[in-house]
Every structure is written in structure tokens, then in C-alpha cells.
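Scroll down for the structure; my scribbles are underneath it.
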Amino acid sequence: MPSMLRSEYRKIVTIRTSWVLLITGPLLVVAGISGVILNGDLRDPVAATSALSHTGIAALTSLIFGILGTAGEYRHGTITDTYLSFPRRERVLTAKLTVYALVGLVYGLASAVTALAMSLIGWSARGYSFPVGKASTWGILGGGILVNVAFAVLGAGLGALVRNVVVAITAALAWIAVVETIMGQLIGSSLSRWLPFAASESLDEVRLSGPGGVLPAWGGATLLIVYAALFATAAYLVTLGRDVT
Amino acid sequence: MTDIQIRHLTKTFGSVKAVTDLSFGAEAGKVTVLLGPNGSGKTTTLRVLLGTVRATAGDALIGGQRYEDLSCPRRRVGALLDSTGFHPGRRARDHLRVLAAAADVPDSRVDEVIGQMGLADAAARRVRTFSLGMRQRLGLAAAILGEPEVLVLDEPANGLDPVGIAWLRDQLRSLATAGRTVVVASHGLAEVAQLADDVVIISAGQLRFSGPLAEIGDTGSALESAFLKLIATA
Numbered sequence: 006m007p008s009m010l011r012s013e014y015r016k017i018v019t020i021r022t023s024w025v026l027l028i029t030g031p032l033l034v035v036a037g038i039s040g041v042i043l044n045g046d047l048r049d050p051v052a053a054t055s056a057l058s059h060t061g062i063a064a065l066t067s068l069i070f071g072i073l074g075t076a077g078e079y080r081h082g083t084i085t086d087t088y089l090s091f092p093r094r095e096r097v098l099t100a101k102l103t104v105y106a107l108v109g110l111v112y113g114l115a116s117a118v119t120a121l122a123m124s125l126i127g128w129s130a131r132g133y134s135f136p137v138g139k140a141s142t143w144g145i146l147g148g149g150i151l152v153n154v155a156f157a158v159l160g161a162g163l164g165a166l167v168r169n170v171v172v173a174i175t176a177a178l179a180w181i182a183v184v185e186t187i188m189g190q191l192i193g194s195s196l197s198r199w200l201p202f203a204a205s206e207s208l209d210e211v212r213l214s215g216p217g218g219v220l221p222a223w224g225g226a227t228l229l230i231v232y233a234a235l236f237a238t239a240a241y242l243v244t245l246g247r248d249v250t
Numbered sequence: 099m100t101d102i103q104i105r106h107l108t109k110t111f112g113s114v115k116a117v118t119d120l121s122f123g124a125e126a127g128k129v130t131v132l133l134g135p136n137g138s139g140k141t142t143t144l145r146v147l148l149g150t151v152r153a154t155a156g157d158a159l160i161g162g163q164r165y166e167d168l169s170c171p172r173r174r175v176g177a178l179l180d181s182t183g184f185h186p187g188r189r190a191r192d193h194l195r196v197l198a199a200a201a202d203v204p205d206s207r208v209d210e211v212i213g214q215m216g217l218a219d220a221a222a223r224r225v226r227t228f229s230l231g232m233r234q235r236l237g238l239a240a241a242i243l244g245e246p247e248v249l250v251l252d253e254p255a256n257g258l259d260p261v262g263i264a265w266l267r268d269q270l271r272s273l274a275t276a277g278r279t280v281v282v283a284s285h286g287l288a289e290v291a292q293l294a295d296d297v298v299i300i301s302a303g304q305l306r307f308s309g310p311l312a313e314i315g316d317t318g319s320a321l322e323s324a325f326l327k328l329i330a331t332a
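If you read the sequences in order, they're chains A and B.
For the first sequence, the numbering used here assigns the number 6 to the initial residue and increments by one for each residue that follows.
For the second sequence, the numbering used here assigns the number 99 to the initial residue and increments by one for each residue that follows.
Below you can see the structure in the form of C-alpha cells.
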């Protein structure tokens, strides 16, 4: 296992895509929050949670990164080398899921730090003080980080299952759009707030109905982790017996 | 000294019988060439040997073991397959360093094989800038990284110019002379005549001939007529 993790780590840090995606997450956060800061009513506590919830936006890059980490190997033909190094394929999948969970953690932390820093700066620039002390602040940031981890693992499992980068990314984005909309209507905005591209005044995207509310992110993140586990399990069961031609 | 044994190997992909009841061996210290027309089952046989394809029946053993049962397989078997790819944005040296980490091989060995394959000047460049010949050399560098006793190569001379082919031949000969077991799949008669110690001829997934090159004819025209005659028998 250590040699597997080391080689996966080297695979990630030796290509430019990794660093581009790492920057993209925080950039998305900055883009999203600037809308809130410029246009939002910063006295309303909803604005604070809305700003911080953009941490979850970076989950998009985590998802794509997970997909690239598995399906990408099929695209470039490097999967043959991987299986020649480690013929026990279930171990390869375990290593990849572990590594990409860590990647999701890194992306999540980068985005959370960016979200918090930008909120603090933005709020004070407009003359308000950001509610740093509130428990919900840290709940929201923690949930956003967890969403990043879940999406990275989900992406890796999906990529291993589908083995095609374009199909996996398309399917994942379509799923998010559909599931998110349905979930928003069934469950209400408190959870839907935790989905990437969730309704946000600043992004002017799909508005989900329901009253606002500050709740912990754990419910939505747990659900995502369940999805991630489902994809990973399906990937284990289906890919083990496949021929690599 | 590790030999290879293919025993009653059968592989079907759906309704396609790629390999049927194939048996042959490859000995250490020799270059064994798997010769056959396109689609004869050479690549499938090698893939079963390397564990990327599962046999329908029979087995393919390396030193008496299946590939997936070898501990640290890259240190026992080196492979250069058609389907082995490179991430175009990765530098050549990093490509080898990924494999070195996987095989628990020190990074110093990476520099050794880079030198051996004449890639020292190109090692820092990204693989997308490599010519076909350079990619083959990188692939061969990857195959010998773990100092394996066995080398399995699928049509390694494809796309190489005469200089490249001659270079490859020298590399493989010296590896065999050093005691390694070298198995090469090819459809080129000229290469076979100059490279092989033993020849295994396959056509339509079945064995047509197995034995030393001398037995079948080691001059170009003798080999060609013997080969065409053997694969014609359906």
C-alpha cells in the first residue's frame, strides 16, 4: 500500500492540471462571494451563511479531479502500467479513493480558508463585522470541506466505473443539476444550500424554493458521502473482472 | 533464471475465439519471438501472461506463477505493450519516477535507465514532445526499471526507423545474453530472422510451430515461405 500511495501522489503532483484545479476552487469561491459582498444585505445572517457556503462550490473541482484520477488513466493509457504494477485491482481502487479523499480535503481547506478570509475582509470593507464567533460559521465551513471530500471520492468512484472522462463529467454535472433541483424541492433549502451551485443570490443561478435557515451542513454532507460510497462500491464490484484491452 | 509456460491457453471475447488451446514455453537466456499475422492472438496471449486479460481456460505462468501472484511484479517482469500509454503533460523523468515509486525502486535507478536508453537530454521534457522512437525508448526504460528477469514486448519495433530497429535488437540481444527471458511478439519476418533464438508461430489463435529458428529456416526467403505455408493450413 505505501508504494501505491506514493505512486498515486507522484501521479498527481507531476502534472499541471492538478495545480490549475487547485487554484480554480478558491477562484470560484472568490467569484461567488464577491457577489454577496457587493450586492447582499450584510446585516442579514443569511448573507454570512450564503457567503461561507460557497466553500462547497469548490467541490466541483474536487469532483473533476476524482474523475480524472481514475477515468483519466484510461484516457491516457496509463492504466495498463498501473495494473502491471499492481495486479490486485481492488487495492488500486482503494488507494485511489484514499488519495482522492485527501485531495478533496486539501481543496476543501483551500476553499474554506479563502471563503473565510474573503468574508472577513469583505464584511469589514463594507463596515460590518463578520459573525466569526457563531458556531454555525464553523459548521458551515466544516460541512463545505466535507462536501469536497465526498465529491472527490464520488468522482474517483464514478471515473472507475465509467472509465471515460467526458461521459463521467457530463453525467456528474447532469446529476448534480437534477438531484439538486429535486432535493431542493423535497427537502428544503437548508440542505440544498449545501450542494454545489446551490441557489445563491450572488451567482444568479437556479433558485431553489424554501425559506432560508442556518443549519449544520452535516445532513447534506452525509448524504453525499453515502452517494460516494455507493459509487465506490459499484466500481469495486464491476471493474475487478474487466479485461484491460 | 525464470522461464515462461503457456499451457492450453484459451481466450474468447464474446463470440470471438482469440486463442485456442495454445501451449509453448520460453526459456531464460533466449529471445523467443511470437510470430503471426495481425489478429492471430499474439497480443491476447501476452496480455493474459501479464494479467490484464483473464484466460477463459488454461494458464500462462512466469516461473511457475501467475502474474497476479507475483510479489512486486515489476521487479520480476518488465513489459512494453502497445497499449501502454503516457500522460502527455508529464515529464519523461516523472513518468519513470511514478513507476519507480510503485515498484519500490530508488530514484537513482531512474537516472540509470534514462542514461542507458539515451534519453538524458530529453528526460526533462514532457512526453507530448517525444517522437515515436523516443516513446519506445521511454517504454523500454520503464520495462527494465525494476531489473526484471523476464521481458515481454509486444511489437516493440512498430514505427521505428532502421536505426531504431537495430538499436532495439542490440538491447534485446544483450538482455538475453545476460540471462534474461525475452519474449517478443512480432509480425515482421525480417526482425525475426535477425533477433530470434526460438520461434513460436501462431495463426488464428492456434499454434503452428514452436522451436529454434534454425529449424524453420533462418534466411529471409526460407523463413518467409515456411511461415506462409504454416499459417495457410487452416
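Even for Gly, the Cβ is constructed at its ideal location relative to N, Cα and C.
I'd like to know whether the C-beta atoms of residue 153 of chain A and residue 127 of chain A end up nearer to each other than 9 Å. For residue 153 of chain A and residue 127 of chain A, no; Cβs fall outside 9 Å.
Measuring only between beta-carbons, confirm whether residue 184 of chain B sits less than 9 Å from chain A. With 9 Å as the cut-off, residue 184 of chain B counts as an interface residue toward chain A.
Quick check on DSSP: helix, strand or coil for residue 102 of chain B? Residue 102 of chain B falls in the strand class under three-state DSSP.
What are the boundary residues of the beta strand (DSSP E) that residue 161 of chain A is part of? Element bounds for residue 161 of chain A: not the beta strand (DSSP E) but the alpha helix (DSSP H), 140-167.
Round the Cβ separation of residue 150 of chain A and residue 110 of chain A to the nearest angstrom and send it over; I've been treating them as touching at under 8 Å. Confirmed, about 7 Å.
With which residues is residue 236 of chain A paired in a DSSP beta bridge? According to the DSSP secondary-structure assignment, residue 236 of chain A is paired through a beta bridge with no residue.
Whole-angstrom distance between residue 101 of chain A and residue 11 of chain A, CA atom to CA atom: Taking the straight line from one Cα to the other gives about 11 Å.
Against chain B, with Cβ distances strictly below 9 Å, would residue 72 of chain A count as a contact? No, residue 72 of chain A lies away from the interface with chain B (no Cβ there is under 9 Å from its Cβ).
Taking the beta carbon of residue 193 of chain B as the centre, do at least 16 other beta carbons fall within 10 Å, making it buried, or is it exposed? With at least 16 other beta carbons inside 10 angstroms of its own, residue 193 of chain B counts as buried.
Beta-carbon neighbours of residue 92 of chain A, restricted to chain B and to distances below 9 Å: Those within 9 Å of residue 92 of chain A in chain B are 148, 149, 150, 164, 165, 166, 167, 168 and 171.
How about residue 116 of chain B and residue 182 of chain B: are their beta carbons less than 9 Å apart? Cβ atoms of residue 116 of chain B and residue 182 of chain B: not closer than 9 Å.
Closer than 9 Å to chain B by CB, residue 21 of chain A: Using a CB distance cut-off of 9 Å, residue 21 of chain A counts as an interface residue toward chain B.
Which residues in the same chain have their Cβ closer than 6 Å to the Cβ of residue 168 of chain B, if we skip the five residues on either side of it in sequence? Its chain contains 174 as the residues whose beta carbon lies nearer than 6 Å to that of residue 168 of chain B, once the 5 sequence neighbours on both sides are disregarded; these appear in chain order.
Contact belief for residue 68 of chain A with residue 157 of chain A at Cβ below 8 Å, rounded distance in angstroms: Taking C-beta atoms under 8 Å as the contact rule, residue 68 of chain A and residue 157 of chain A qualify, at a distance of about 7 Å.
Does the segment 103-123 of chain B come within contact of the segment 143-158 of chain B, defined as at least 3 CB pairs closer than 8 Å? When Cβ pairs closer than 8 Å are counted between the two stretches, the segment 103-123 of chain B is seen to touch the segment 143-158 of chain B, the count reaching three or more.
Where residue 176 of chain B sits in the DSSP three-state scheme: The answer is strand: DSSP assigns residue 176 of chain B an E or B state.
I'd like to confirm the pairing. Which residues does DSSP put opposite residue 138 of chain B in its beta bridges? Checking the DSSP bridge columns, you'll see residue 138 of chain B has no partner listed.
Beta-carbon within less than 7 Å of residue 186 of chain B's beta-carbon, same chain only, minus the 5 sequence neighbours each way: which residues are those? Only 224, 225 and 226 meet the Cβ criterion.
Minimum C-alpha distance to residue 271 of chain B - residue among B/295, B/257, B/246 and B/151: Nearest C-alpha to residue 271 of chain B: B/295.
To the nearest angstrom, how far is it from the Cα of residue 231 of chain A to the Cα of residue 250 of chain B? C-alpha separation (whole angstroms): 43 Å.
Does the Cβ of residue 172 of chain B have 16 or more other Cβ atoms within 10 Å, making it buried, or fewer, making it exposed? By the 10 Å Cβ count, residue 172 of chain B comes out buried.
For residue 320 of chain B, count the other beta carbons within 10 Å of its own beta carbon; 16 or more makes it buried, fewer makes it exposed. Which is it? Here residue 320 of chain B is exposed, its C-beta having fewer than 16 other C-beta atoms within 10 Å.
Straight-line CA distance for residue 70 of chain A to residue 159 of chain A? Near 10 Å, if we compare the C-alpha coordinates of residue 159 of chain A and residue 70 of chain A.
With 16 other Cβ atoms within 10 Å as the buried cut-off, status of residue 242 of chain A: Under a 10 Å Cβ-count criterion, residue 242 of chain A is classified as exposed, with fewer than 16 other Cβ atoms of the shown protein chains found around its own Cβ.
Taking only beta-carbon positions, decide if residue 192 of chain B is within less than 9 Å of chain A. Yes, contact with chain A.
Outcome for residue 246 of chain B when other beta-carbon atoms lying within 10 angstroms are tallied against a minimum of 16: By the neighbour-count definition (other C-beta atoms within 10 Å, threshold 16), residue 246 of chain B is a buried residue.
Beta-carbon separation of residue 168 of chain A and residue 64 of chain A under 9 Å? Against a cut-off of 9 Å, the Cβ pair of residue 64 of chain A and residue 168 of chain A comes out as no contact.
From the DSSP secondary-structure annotation, give me the bridge partner or partners of residue 310 of chain B. Per DSSP, the beta-bridge partners of residue 310 of chain B are B/296.
Three-state secondary structure (DSSP) of residue 45 of chain B: The question about residue 45 of chain B has no answer, for chain B in this structure spans 99 to 332.
Residues in the segment 74-90 of chain A having any Cβ partner in chain B nearer than 7 Å: Identification of residues in the segment 74-90 of chain A having a C-beta nearer than 7 Å to some C-beta of chain B yields 81, 82, 83, 85, 86, 88, 89 and 90, given in sequence order.
Per DSSP, residue 189 of chain B forms a beta bridge with which residues? Paired residues: B/224.
CB of residue 303 of chain B within 9 Å of CB of residue 128 of chain B, strictly: Against a cut-off of 9 Å, the Cβ pair of residue 128 of chain B and residue 303 of chain B comes out as no contact.
Quick one: what's got a C-beta closer than 6 Å to residue 218 of chain B's C-beta in the same chain, skipping five residues either side? Only 212 meet the Cβ criterion.
Using only the alpha-carbon positions, how far apart do residue 155 of chain A and residue 233 of chain B sit? Going from the Cα of residue 155 of chain A to the Cα of residue 233 of chain B covers about 37 Å.
Suppose you measure from the CA of residue 219 of chain A to the CA of residue 55 of chain A; what does that come to, to the nearest Å? Bear in mind that the predicted position of residue 219 of chain A carries a pLDDT of just 30, short of 50, making it unreliable; the figure below should be weighed with that in mind. Taking the straight line from one Cα to the other gives about 9 Å.
Cα-Cα separation between residue 16 of chain A and residue 240 of chain A, rounded to whole angstroms: Straight-line measurement puts the Cα of residue 240 of chain A at about 21 Å from the Cα of residue 16 of chain A.
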